[in-house]
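**Student:** From first to last, the protein sequence lines are chains G and E. Oh and the first sequence: position 231 is 231 in the UniProt record's numbering, straight run, nothing missing. Oh and the second sequence: position 217 is 217 in the UniProt record's numbering, straight run, nothing missing. Glycine is no exception: its CB is placed at the ideal position from the N, C-alpha and C atoms. In this text the structure is predicted, and so the values were computed from the model without any measurement. Here you go, one structure.
Protein chains: 2
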Amino acid sequence: MKIAVVAPARPIDPLVGARVSAFAAIAYPQVDLYVHPQCFESDGHFAGSDQVRAAAFLEVANDPSIDAVWFARGGYGSNRILELVMPRLGDAARNKTYLGYSDMGFLLAALYARGFGRPVHGPMAVDIGRQGGDRTVARSLGWMVGRDRQGLEPSLGGRPAAAFNLTILGNLIGTPWLPDLTDHVLMIEEVSEPLYRIDRTLFQMAHATQLQGLAGVRLGAVTDVQSNDPPWGETPETMIRRWCGEMGVPFLGAAEIGHTGGNTVVPFGVA
Amino acid sequence: MKIAVVAPARPIDPLVGARVSAFAAIAYPQVDLYVHPQCFESDGHFAGSDQVRAAAFLEVANDPSIDAVWFARGGYGSNRILELVMPRLGDAARNKTYLGYSDMGFLLAALYARGFGRPVHGPMAVDIGRQGGDRTVARSLGWMVGRDRQGLEPSLGGRPAAAFNLTILGNLIGTPWLPDLTDHVLMIEEVSEPLYRIDRTLFQMAHATQLQGLAGVRLGAVTDVQSNDPPWGETPETMIRRWCGEMGVPFLGAAEIGHTGGNTVVPFGVA
């Protein structure tokens with residue numbers, strides 16, 4: 001089985017590529033892990049120009065010998081290649097797993113909306129750098145290699161689900177790249193935002209016409225919260241309960257997803 | 001003629017209320033300017049609780065003796081009162097001007113979407129504190145008092161227009177509060193964001209299904225730009241040209257709107 005790593009947003013350090021390759025070779029010897037050299041390109045903010053990142057993604061997505069596309073890292077930029085890649089995906093792109101989170105939510109959403117492959121929200125190659133990072137990336141590798149359910153988000157089972165960074169979800173709302181999530185449990189997580197912005201994006205989620213048919217909402221980790229001046233008087237849980245109420249969709253509790261070492265795996269649809 | 005000032009988001013200092021009242025008394029003696037005491041309330045982040053802010057807005061919007069509602073200040077929070085106020089607006093709310101910008105875009109959008117009054121993007125009471133602030137607020141007062149066209153955005157004329165802070169526009173996309181802007185010139189401005197976020201929100205604008213029928217886009221001031229690490233390699237004009245191209249909508253050039261003393265007046269629809 002072959003897994004390809006590409007970077008549709010920001011680059012990774014070659015050391016990250018070496019570490020993740022070494023870990024995969026020991027823990028999953030049956031896997032041929034191909035870290036595309038595009039992952040190490042640098043074009044200012046991005047891992048190569050929009051054209052370079054699009055070409056690398058299309059190369060691995062359209063290669064029938066590759067079983068899974070594992071995203072190297074988030075950051076910002078995968079939305080900039082949607083118009084370049086989505087019309088050029090072929091049949092081979094329909095039969096594989098695409099796994100990542102954060103900014104990669106743009107691609108996961110677009111792939112799910114168009115019925116390409118099996119998008120999955122979960123740890124990326126760069127997460128090997130976290131404390132206990134071997135265990136973190138093992139959840140993703142275990143799922144891609146053998147559908148190992150040990151790394152799945154604990155609440156999954158039966159009902160279709162999808163998971164997004166809240167800000168990325170907000171940027172998808174109102175566009176044709178947001179998939180139909182009717183009857184899905186939507187899990188959201190957030191990182192590096194002040195609470196007033198989180199509240200504002202929850203307003204958008206709650207009022208989004210496209211999301212009226214959700215089965216429920218779960219809240220993942222809200223980490224690295226930026227300061228609010230003056231201090232914000234509500235917790236993330238108070239906020240999400242308020243907005244789910246205004247949305248008329250049940251708040252179902254916590255989800256173990258987020259920009260943390262404990263980030264679990266959420267296959268889109270039914271796991 | 002009577003103008004009421006309310007604060008649906010953050011409070012203003014009583015000194016701001018006094019200054020703007022004194023200026024209006026001298027420059028527009030025919031005006032009865034009523035600064036609602038709610039403008040000075042403080043409930044953590046907000047100028048009073050959601051209920052207090054909603055009640056003050058409804059009081060002045062539904063008062064037939066008031067000709068115009070002038071927003072005191074932006075910040076964050078007017079989205080939180082939409083569900084409280086929009087179903088409770090009466091006939092008197094249909095016959096007046098509502099004027100503000102920034103976070104007030106939530107209310108201006110909702111009012112325009114529902115056909116209430118004449119929403120206008122322009123300087124608020126708090127802008128009297130800017131250098132040359134008398135001239136800044138005089139554009140808004142001149143328009144409210146006597147339809148003085150000297151303070152209007154220079155490109156206006158004939159074609160319907162609307163203006164928004166880009167981030168607030170982004171948060172409105174995909175919700176029923178975004179008005180139908182078909183055949184409108186959309187003007188956007190931004191403040192206190194890093195360029196990668198501006199790029200990301202422009203992506204959402206460009207791909208928004210609701211905005212496909214725009215006549216064109218104009219770019220206002222992009223001020224207090226936050227640092228980007230690594231440095232962003234594009235100017236705001238390069239970015240907006242790129243996204244307008246992907247949107248298939250003409251970029252029409254600059255607009256004199258923004259978080260600046262030069263902010264002009266943009267009545268929604270045909271001025």
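Kindly provide the ranges of any alpha helix (DSSP H) runs that are 4 or more residues long and lie completely inside the region 174-215 of chain E, ordered along the chain.
**Tutor:** Runs found: 195-207.
**Student:** I want to verify the contact list: residues of chain G whose CB lies under 9 angstroms from the CB of E:T209, in sequence order.
**Tutor:** Neighbours of E:T209 on chain G, chain order: G174, T175, P176.
**Student:** Using a Cβ cut-off of 9 angstroms, pull out every chain E residue sitting near G:Q204, in sequence order please.
**Tutor:** N79, G170, N171, L172, I173, G174, T175
**Student:** In angstroms, rounded to a whole number, what distance separates the CA positions of G:M187 and G:L214?
**Tutor:** Approximately 11 angstroms, taken between the alpha carbons.
**Student:** Quick one, are the C-beta atoms of G:A138 and G:V16 less than 8 angstroms apart?
**Tutor:** Taking 8 angstroms as the Cβ cut-off, G:A138 and G:V16 do not qualify as a contacting pair.
**Student:** Thinking C-alpha only, which one of E:F203, E:D183, E:R147, E:T175 is nearest E:L166?
**Tutor:** Closest option to E:L166, Cα to Cα, is E:F203.
**Student:** For the alpha helix (DSSP H) that contains E:V60, what are its first and last residues?
**Tutor:** 50-61
**Student:** I need the DSSP call for G:A7, collapsed to helix, strand or coil.
**Tutor:** coil
**Student:** I'd like to know if the region 173-180 of chain E and the region 169-181 of chain G are in contact, where contact means that at least 3 CB-CB pairs between them fall below 8 angstroms.
**Tutor:** yes
**Student:** In terms of residue numbering, what span does the alpha helix (DSSP H) encompassing E:T238 cover?
**Tutor:** 236-247
**Student:** Just the chain E side, please: which residues come within less than 8 angstroms of G:G44 by C-beta, in chain order?
**Tutor:** P230, P231, W232, G233
**Student:** With DSSP run on the structure shown, which of helix, strand or coil describes G:Q150?
**Tutor:** helix
**Student:** Taking the alpha-carbon positions, what's the G:A93 to G:V69 distance?
**Tutor:** 10 angstroms
**Student:** Going residue by residue through the region 111-136 of chain G, where are the continuous beta strand (DSSP E) segments of at least 3 residues, counting only ones entirely within it?
**Tutor:** 118-121
**Student:** Taking C-alpha atoms, which residue in E:N263, E:F268, E:P267 lies nearest to E:I128?
**Tutor:** E:N263
**Student:** Near E:G151, which residues of its chain fall below 8 angstroms by C-beta distance, leaving aside the five closest residues on each side in sequence?
**Tutor:** G122, A138, R139, S140, G142, W143, T264, V265
**Student:** Tell me, which residues are paired with G:Q226 by DSSP?
**Tutor:** G:P194
**Student:** Answer yes or no: does any C-beta atom of chain E fall closer than 8 angstroms to that of G:E237?
**Tutor:** It does not: the Cβ of G:E237 has no partner Cβ on chain E nearer than 8 angstroms.
**Student:** Here's the rule I'm using: 16 or more other beta-carbon atoms within 10 Å means buried, otherwise exposed. How should E:R73 be labelled?
**Tutor:** buried
**Student:** Out of G:P154, G:M239, G:G248, which one is the CA nearest neighbour of G:T209?
**Tutor:** G:T209 has its Cα closest to that of G:G248, out of G:P154, G:M239, G:G248.
**Student:** Could you tell me which residues DSSP pairs with E:P267 in its beta bridges?
**Tutor:** E:V120
**Student:** Name the DSSP bridge partner or partners of E:Y98?
**Tutor:** E:V69, E:P119
**Student:** Helix or strand or just coil, what does DSSP make of E:D91?
**Tutor:** helix
**Student:** With a cut-off of 8 angstroms, does the C-beta of G:T182 fall near any C-beta of chain E?
**Tutor:** no
**Student:** Can you tell me whether G:V217 is helix, strand or coil according to DSSP?
**Tutor:** strand
**Student:** Taking contact to mean 3 or more Cβ pairs, one atom from each stretch, closer than 8 angstroms, check whether the region 94-105 of chain G and the region 27-39 of chain G are in contact.
**Tutor:** The region 94-105 of chain G, when compared against the region 27-39 of chain G, does not touch it at the 8 angstroms Cβ threshold.
**Student:** Out of G:A254, G:T260, G:F268, which one is the CA nearest neighbour of G:D183?
**Tutor:** G:F268
**Student:** Whole angstroms is fine: what's the gap from G:R159's alpha carbon to G:Q212's?
**Tutor:** 17 angstroms
**Student:** Of the residues E:R80, E:E59, E:G44, E:R218, which one's Cα is nearest the Cα of E:R241?
**Tutor:** Nearest option by C-alpha distance: E:R218.
**Student:** Quick check: what's the CA-CA separation for E:A109 versus E:P119?
**Tutor:** Distance between the alpha carbons of E:A109 and E:P119: 8 angstroms.
**Student:** For residue 290 of chain E, does the three-state DSSP call read helix, strand or coil?
**Tutor:** Any answer about residue 290 of chain E is impossible in this case: the structure gives chain E only from 1 up to 271.
**Student:** For a cutoff of 8 angstroms on Cβ pairs, would you count G:E41 as touching chain E?
**Tutor:** no
**Student:** Starting from G:R200, find everything on chain E with Cβ-Cβ shorter than 7 angstroms and list it in chain order.
**Tutor:** Y76, N79, N171
**Student:** Just to check my reading of the structure: G:A7 and G:A47 have Cβ atoms closer than 8 angstroms, yes? What is that Cβ distance to the nearest angstrom?
**Tutor:** Between G:A7 and G:A47, the beta carbon gap of about 4 angstroms places them in contact (Cβ cut-off 8 angstroms).
**Student:** Taking the C-alpha atoms as reference points, what is the distance between G:L195 and G:P230?
**Tutor:** 11 angstroms
**Student:** Below 8 angstroms on the Cβ atoms is my guess for E:E246 versus G:E83; work out the distance and round it to an integer in Å.
**Tutor:** 6 angstroms
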